[in-house]
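Protein chains in written order, with the numbering used here: chain P, 5 to 110; chain G, 5 to 110.
Each remark here refers to the structure printed beneath this line.
Protein chains: 2
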Amino acid sequence: MDTFTALADPTRRSIIEMLAAEDRNAGDIAGAFTVSRPAISRHLRVLREAGLVSAREHGQQRIYTLEPSPLAEVAGWVNRYSAFWEERLDRLSVAVSARAREGNEQ
Amino acid sequence: MDTFTALADPTRRSIIEMLAAEDRNAGDIAGAFTVSRPAISRHLRVLREAGLVSAREHGQQRIYTLEPSPLAEVAGWVNRYSAFWEERLDRLSVAVSARAREGNEQ
DNA sequence: ACGTTACGTAACGTCAAGGTTACATATCTG
DNA sequence: CAGATATGTAACCTTGACGTTACGTAACGT
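Written out as structure tokens, the structure reads:
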């Protein structure tokens, strides 16, 4: 599953936020949500397969750690097009008058 | 639909990339993909409802424009946690030896 | 060794996302 | 006005995402 898709689910984003604070085992993570533990287990699998988290075994527990490098890729994409925003803002006054002049482009 | 969900679909991300280059009408956008025009029309609706694009009418055409402010919100979220990455990188040498001691991830 | 704890997986149900074809509507053009 | 063009919507189908309950398995504690 693609990183964007992994981030589409709010529960998974919450898990990421939790793990940003500190590493946690699966049970702790599940305990923070109302949905069932198997459901969280699945979410963790999705996050693992997307490379967004990794798990290490510690006795019978699995401790999850945030792996932010896929996040960095997403940040790259998003920043490219929200940076475009700044650019647009800079050009805003120009664009407005240009459009008024042209009628419409395309 | 939430912005993250709107971004989860690769076709919609492509549309955003196209519109970052320049405004386009619906037909042009649809022409760039292999899926049917109604499918693209739906994607455009999703993007509109997420506030990621806006449309203005120009005769019988609808010209779509990228509206990057929701992207900026996403950028805010993502950057918050990929910024955490930098922090981790700073701590990398420490972390590596720590993990080597503890065992292994995943 | 045995029950308990921590986790994952299997099997299954439901619902919504995304695709298609067919159709409705509005605007151009001759 | 009549036909062509541009676009959205309706109806429908299929598939996959997400949830639940039931079960399997490995490590702990007594």
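Here a beta-carbon is modelled for each residue, glycine too, at the ideal position from N, C-alpha and C.
All values reported here derive from a predicted model rather than from experimental measurement.
So, for residue i: in the same chain, excluding its five sequence neighbours on each side, which residues have a beta-carbon less than 7 Å away from its beta-carbon?
i     : result
G/L23 : V57, Y68, T69 and L70
G/D27 : I67, Y68 and T69
P/R17 : L11
P/P42 : none
P/I20 : L56 and L70
P/L51 : A10, R16, I19 and V57
Output, in chain order, the set of chain P residues within a Cβ distance shorter than 9 Å of residue i.
i    : result
G/F8 : F8, L11, A12, D13, P14 and R17
Spatial neighbours of residue i within its chain, please: C-beta separation below 6 Å, excluding the five flanking residues on both sides.
i     : result
G/Q65 : N29
G/L75 : none
G/T15 : H47
G/D13 : none
G/V78 : T7
P/S40 : none
P/A59 : R66 and Y68
List the residues of chain P that residue i touches, going by C-beta distances under 7 Å, in chain order.
i     : result
G/S86 : P72, L75, A76 and A79
Can you pull the chain P neighbours of residue i, defined as C-beta to C-beta under 8 Å?
i     : result
G/A30 : Those do not exist, as G/A30 stays about 11 Å from chain P at its closest Cβ, beyond 8 Å.
G/I20 : Y85
Name, please, each residue of chain G whose Cβ falls closer than 7 Å to the Cβ of residue i.
i     : result
P/V82 : L75, V78, A79 and V82
Excluding five sequence neighbours on each side, which residues of the same chain lie with their C-beta closer than 8 Å to the C-beta of residue i?
i     : result
G/S73 : G55
G/I44 : T15, I19, A30, I33, A34 and F37
P/M5  : V50, E53 and A54
G/H62 : N29
In this structure, how does DSSP classify residue i when only helix, strand and coil are distinguished?
i      : result
G/S97  : Low confidence applies to G/S97: its pLDDT is 47, below 50, so where it sits in the model is not reliable enough to give any reading.
P/G107 : Residue placement at P/G107 is poorly supported in this model, since its pLDDT is 39, which falls under 50; the coordinates still yield a value, given next. The answer is coil: DSSP assigns P/G107 none of H, G, I, E or B.
P/M22  : helix
At least three beta-carbon pairs within less than 8 Å, the segment 72-88 of chain P to the segment 29-49 of chain P: no
Complete beta strand (DSSP E) runs within the segment 32-70 of chain P (minimum length 3 residues, chain order): 57-62 and 65-70
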